[in-house]
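Asker:
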Amino acid sequence: MSAYFATCPKGLEYLLRDELIALGASDVRETLAGSHFSGTLETAYRACLWSRLASRILLPLAEFDAADEDALYRGAQQIDWSQHLAAHGTFAVDAGTALSKLTHSQFVGLRVKDAVVDQFRQRDGNRPGIDTDEPDIRINVRLRRDRATLSLDLAGSPLHRRGWRELQGEAPLKENLAAAMLLRARWPEIYAAGGALLDPMCGSGTLLIEGALMAADVAPGLRREYFGFLGWQQHDIALWRGLLDEARQRAETGLRALRSEFFGSDADPRMIQTAKRNAQEAGVAGFFTLDRLDVTHARPPAGLTSGLVITNPPYGERLGDRIEMPKLYRALGETLRAHFNGWRGAVLAGDVELGRAMQLHADKRYVLYNGALETVLLTFDLKPRDAAPRDPKPLSAGAQMLKNRLEKNVKHLRKRLNREGIHCWRAYDQDLPEYAAAIDVYGDTSGDDHLHIQEYRAPADVPPDVARLRLREIARVAGEVLGVPRERIAIKTRERGKGGSKYGQLDQRNEFIEVKEDGLKFLVNLTDYLDTGLFLDHRLVRAKVRELADGKCFLNLFAYTATASVHAAAGGALETTSVDLSATYLEWASRNLALNGFSGASHRLMQFDALDFLQRDRGHYGLIFVDPPTFSNSKRAEDFDVQRDHVKLLEACNERLTRDGLIVFSNNFRRFKLDREALEAHFEIEDWTAPSIPFDFARRADIHGCWLLRRRKPDPGINPWDTARIKK
């Protein structure tokens, strides 16, 4: 068994994880833009041949510190390259660097190349050649935080290059992104149920071809003539030929059974010809019907009543005029609504605003990246607008009580919410014992409200069927009172587990909504994680940080999605440093900062354990925000307990404070007791808990604690040398 890493575009990680598991991989762990996995050489070969989502399959060879060019060179020379490359062979080096002292990727690649060539030359005087197109092996080197990882690229060239695309349009859709769209839209299920596939703006035919190959069980890499392992010294030719024979047999069987239910149209006749040529190269042209049509004239084929209509319209970024784009999207929405009743729909929109122009209610939204462009995939069950809704069942007595209470809460809060411009707030928090839930409202920047319902676990004496009924009643009542449709309601059940509270079934949709707070914008995910990315009870704490940050260097420990850093930057902080151990949250934090125009060297994101960072860092900060978890038992850091460790943490912060510096310290452990006796030697302490609780959390005044800790100034009457002797 060996360890591998599969790369993919951002937004495809969870799909790739599931695909790798289906291909026989083990220990699969998704991470930003890829997945780690373990398996045999056969597993890696299958991933290269069968993955519809991966970009590359990497075999890590070594990982080492590389703070300078000499360390990088030495580390690369520690690998015995003769095990991978013949002396007369060819190779290429792909390099990337981030957050490291070596900042130029070309230079990093050159030093690794030198190390490989010098090793061969020193051994017998021969040296391998360089081939940047189709080398015998391709070496991948990634430098991050002065740590280098050297890998063999078994794909050799990006796996989205399937080998069938002869021609393309001006803004082609990558094949692995097309596959992700089809999977998110449930195309395999739709085809198995007898449905057809239709693309009314088919361009070069990528979606239709990927859909046909998927339905026919054709390996996406079957037509590729080059892989990065074909010239590798450890290549198992017999194993590879066996996998190719199996794939050819499956393709032959699948194509014999494939139905001719793939339909495409485009207003540009050149694109129709391009799609035909590409379909011929892919071996599926005989199953396609392609016509020159404007999107407004697209219709379901005669005799077909169900299927998937899927498309990737222009965004106005590289094609078309942005001003004209909403008109195009409106026309697409009208066509789908008027003529595709009973079909499933999926549209990759350039952004949420363009998606909204279709005037269709999406049941799912997925953030995907088309190259460097962030896009949103919207999926729909297409129904006629005038379909008569079913009469709802009468509410139970308990649900009616819940409705009355929620209406009272909303009426009480609404005026102040509107007056203060608050769009994200708590509407209900366990007001009735039978309905123990918290209901939070997140208003997105388009004006739509979304609900996040956290139902706390029912007592043991409540039967499971009663608990499930109450959960359904909570969702129904909240939707009715707050005017939110079911597709914009996320429900979580918080359960007690070892080490504290945790949620049960979390989703993996990668759906984000954009919300506003005090004129700033943040990305919120209501389904995938323990929390949403924006702690509503800390609204006033963030406002306090903004107030205090002007002219100061700001440090945010346990930064999560860096919402406090955004507020500090907006408040005039000279610079911000956000520290968190999670790469996922730091990526989210980066997007929050960029969304508000804060980027560059003045806004650092550091992947560290907080205490480890404080020990290593030599900077000084005028304002430090510390909001630690109650417990943490990460494998990458020592266990943390806020009650046990807060003194050590705050004393370490004190070492990084400027003379007039201030710490804003908060946490959500309801039984927490600040150790004033230990801390007052260093700090003047102000309990700021009461002012930090928002009015919509008034029923839960213990939801968090907050303290302002100012660095204590030495008593002018005390000789510091005497103080030092007393401490000894």
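Just so you know, the sequence shown maps onto residues 489 to 1216 in the working numbering.
Cβ coordinates follow ideal geometry from the N, Cα and C atoms, glycine included.
A quick note: this is a predicted structure, and the numbers were derived from the prediction, not measured.
With three or more beta-carbon pairs closer than 8 angstroms as the criterion, would you say the segment 737-744 touches the segment 569-582?
Answerer: no
Asker: In terms of residues, what are the limits of the alpha helix (DSSP H) holding Glu548?
Answerer: For the purposes of this step, residue 548 is taken as the residue at position 60 of the sequence shown. Per the sequence presented here, residue 548 reads as Pro, with Glu not at that position. Element bounds for Pro548: not the alpha helix (DSSP H) but the beta strand (DSSP E), 544-553.
Asker: Report buried or exposed for Val797, applying the criterion of at least 16 other Cβ atoms within 10 angstroms of its Cβ.
Answerer: Mapped onto the sequence shown, residue 797 falls at position 309. Looking at its Cβ environment, which holds 16 or more other Cβ atoms inside 10 Å, Val797 is buried.
Asker: Report all residues from its chain with a CB closer than 6 angstroms to the CB of Ala955; omit the five preceding and five following residues, and keep chain order.
Answerer: Residue numbering aside, residue 955 sits at position 467 when the sequence shown is read from its first letter. For Ala955, where only same-chain residues beyond five positions count, the Cβ hits under 6 angstroms are Ala946.
Asker: For the alpha helix (DSSP H) containing Ala726, name the first residue and the last one.
Answerer: Working through the sequence shown from its first residue, we reach residue 726 at position 238. Note, Ala726: alpha helix (DSSP H), 725-745.
Asker: What is the rounded straight-line gap between the Cα of Gly499 and the Cα of Phe1157?
Answerer: Residue mapping note: residue 499 aligns to position 11 of the sequence shown, counting from 1. Residue mapping note: residue 1157 aligns to position 669 of the sequence shown, counting from 1. If I take the Cα positions, the gap works out to 33 angstroms.
Asker: Could you spell out the range, first to last residue, of the alpha helix (DSSP H) harbouring His938?
Answerer: One-based indexing of the sequence shown puts residue 938 at position 450. His938 -> not in any alpha helix (DSSP H); beta strand (DSSP E) instead, spanning 937-944.
Asker: By the three-class DSSP mapping on this structure, what secondary structure does Gly808 have?
Answerer: Along the sequence shown, one-based indexing puts residue 808 at 320. Note that Gly808 scores 45 on pLDDT, short of 50, meaning its location in the model is unreliable; the coordinates nonetheless yield the value given after this. Reduced to three states, the DSSP call for Gly808 is coil.
Asker: Determine the DSSP secondary structure at Leu792, reduced to helix, strand or coil.
Answerer: As a position in the sequence shown, residue 792 is number 304, starting the count at 1. Coil at Leu792, not helix or strand.
Asker: Does DSSP put Asp905 in a helix, a strand or coil?
Answerer: Walking along the sequence shown from the start, residue 905 turns up at place 417. The residue you asked about is not Asp; residue 905 is Leu in the sequence shown. Looking at Leu905 - three-state DSSP - the assignment turns out to be helix.
Asker: Does the beta-carbon of Ser1120 have 16 or more other beta-carbons within 10 angstroms, so that it is buried, or is it exposed?
Answerer: Here residue 1120 refers to the residue found at position 632 of the sequence shown. Buried: at least 16 other Cβ atoms inside 10 Å.
Asker: Tell me whether Ile618 is buried or exposed, calling it buried when 16 or more other Cβ atoms sit within 10 Å of its Cβ.
Answerer: Counting from one through the sequence shown, the residue named residue 618 turns up at place 130. Ile618 comes out exposed.
Asker: Of the choices Ala826, Ala1057, Asp1016, whose alpha-carbon is the least far from that of Arg1030?
Answerer: The sequence position of residue 1030 within the sequence shown is 542, counting from 1. Here the closest residue by C-alpha is Ala1057.
Asker: Whose C-alpha, out of Ile760, Gly691, Arg635, is nearest the C-alpha of Pro660?
Answerer: Along the sequence shown, read from residue 1 onward, the residue named residue 660 stands at position 172. Residue Gly691 is the option with its Cα nearest to Pro660.
Asker: How many Å lie between Arg1188 and Ala704 at the Cα?
Answerer: Translated into the one-based positions of the sequence shown, residue 1188 becomes position 700. Translated into the one-based positions of the sequence shown, residue 704 becomes position 216. Roughly 57 angstroms between the two C-alpha positions.
Asker: Looking at the strands, I want to know which residues DSSP matches up with Ala1098.
Answerer: If you number the sequence shown from 1, residue 1098 lands on position 610. Partner(s): none; Ala1098 has no beta bridge.
Asker: Can you give the Cα-Cα distance for Thr867 and Arg853, rounded to whole angstroms?
Answerer: Here the question's residue 867 lines up with position 379 in the sequence shown. Here the question's residue 853 lines up with position 365 in the sequence shown. Roughly 7 angstroms separates the two Cα atoms.
Asker: Between Asp928 and Arg976, what straight-line distance do the alpha-carbon atoms span, to the nearest angstrom?
Answerer: The residue you call residue 928 lines up with position 440 of the sequence shown. The residue you call residue 976 lines up with position 488 of the sequence shown. For Asp928 and Arg976, the distance between alpha carbons rounds to 12 angstroms.
Asker: Beta carbon of Phe776, beta carbon of Leu670: below 8 angstroms?
Answerer: What you label residue 776 is simply residue 288 of the sequence shown in a count that begins at 1. What you label residue 670 is simply residue 182 of the sequence shown in a count that begins at 1. The answer is no: Cβ separation not under 8 angstroms.
Asker: Let me know if Gly719 comes out buried or exposed under the rule of 16 or more other beta-carbons within 10 Å of its beta-carbon.
Answerer: The residue you call residue 719 lines up with position 231 of the sequence shown. Flag for Gly719 reads buried.
Asker: Between Asn897 and Tyr916, which are expected to be in contact by the criterion C-beta below 8 angstroms, what is the C-beta distance as a whole number of angstroms?
Answerer: Position 409 of the sequence shown, counted from the first residue, corresponds to residue 897. Position 428 of the sequence shown, counted from the first residue, corresponds to residue 916. Right, the Cβ-Cβ distance comes to about 6 angstroms (below 8 angstroms), so this counts as a contact.
Asker: So, are the CB atoms of Thr578 and Pro623 less than 8 angstroms apart?
Answerer: Your numbering for residue 578 matches position 90 in the sequence shown. Your numbering for residue 623 matches position 135 in the sequence shown. Cβ atoms of Thr578 and Pro623: closer than 8 angstroms.
Asker: Can you tell me where the alpha helix (DSSP H) holding Tyr817 begins and where it ends?
Answerer: Reading the sequence shown from its first residue, position 329 is the one you call residue 817. First-last of the alpha helix (DSSP H) with Tyr817: 813-827.
Asker: What's the C-alpha gap between Ile1181 and Ile910?
Answerer: Residue numbering aside, residue 1181 sits at position 693 when the sequence shown is read from its first letter. Residue numbering aside, residue 910 sits at position 422 when the sequence shown is read from its first letter. Each residue's Cα considered, the two are about 15 angstroms apart.
Asker: Taking the beta strand (DSSP E) that Asp1175 falls in, what are its first and last residues?
Answerer: Locating residue 1175 in the sequence shown gives position 687, counting from the first residue. Counting along the chain, the beta strand (DSSP E) containing Asp1175 begins and ends at 1171-1175.
Asker: Taking buried to mean at least 16 other C-beta atoms within 10 Å of its own C-beta, is Asn628 buried or exposed?
Answerer: In the sequence shown, the residue the question calls residue 628 occupies position 140. When all chains shown are included, Asn628 counts as buried.
Asker: Can you look up Asn858 in the DSSP assignment and give me helix, strand or coil?
Answerer: As a position in the sequence shown, residue 858 is number 370, starting the count at 1. In the structure shown, Asn858 sits in a strand (DSSP, three-state: E or B).
Asker: State the Cα-Cα distance for the pair Leu727 and Val972, rounded to the nearest angstrom.
Answerer: Residue numbering aside, residue 727 sits at position 239 when the sequence shown is read from its first letter. Residue numbering aside, residue 972 sits at position 484 when the sequence shown is read from its first letter. Looking at the two C-alpha atoms, the distance is approximately 55 angstroms.
Asker: Enumerate, from N- to C-terminal direction, the unbroken beta strand (DSSP E) stretches of 3 or more residues contained entirely within the segment 647-696.
Answerer: 684-687
Asker: At which residues does the alpha helix (DSSP H) containing Trp1195 begin and terminate?
Answerer: Indexing the sequence shown from 1 puts residue 1195 at position 707. Looking at the DSSP string, Trp1195 is not in any alpha helix (DSSP H); the run it does join, the beta strand (DSSP E), is 1193-1199.
Asker: My output table needs one value for Thr475: the three-state DSSP class, helix, strand or coil.
Answerer: A question about residue 475 goes unanswered here, because the residues of the chain that appear run from 489 up to 1216.
Asker: State buried or exposed for His849, treating a residue as buried only when at least 16 other CB atoms are found within 10 Å of its CB.
Answerer: Walking along the sequence shown from the start, residue 849 turns up at place 361. Classification for His849: exposed.
Asker: If you reduce the DSSP assignment to three classes, tell me which class Leu1043 lands in.
Answerer: As a position in the sequence shown, residue 1043 is number 555, starting the count at 1. Reduced to three states, the DSSP call for Leu1043 is strand.
Asker: Is Ser1090 helix, strand or coil when you go by DSSP?
Answerer: Here the question's residue 1090 lines up with position 602 in the sequence shown. Three-state DSSP puts Ser1090 in coil, outside helix and strand.
Asker: Could you tell me which residues DSSP pairs with Arg914 in its beta bridges?
Answerer: One-based indexing of the sequence shown puts residue 914 at position 426. Asp928, per the DSSP bridge assignment.
Asker: Using a Cβ-Cβ cut-off of 7 angstroms (strictly less than) and excluding sequence neighbours within five positions of Gly651, which residues of its own chain qualify?
Answerer: Translated into positions along the sequence shown, residue 651 becomes position 163. Sequence-distant Cβ neighbours of Gly651 in its own chain, meaning closer than 7 angstroms and more than five residues away, are Arg711, Arg712, Glu713.
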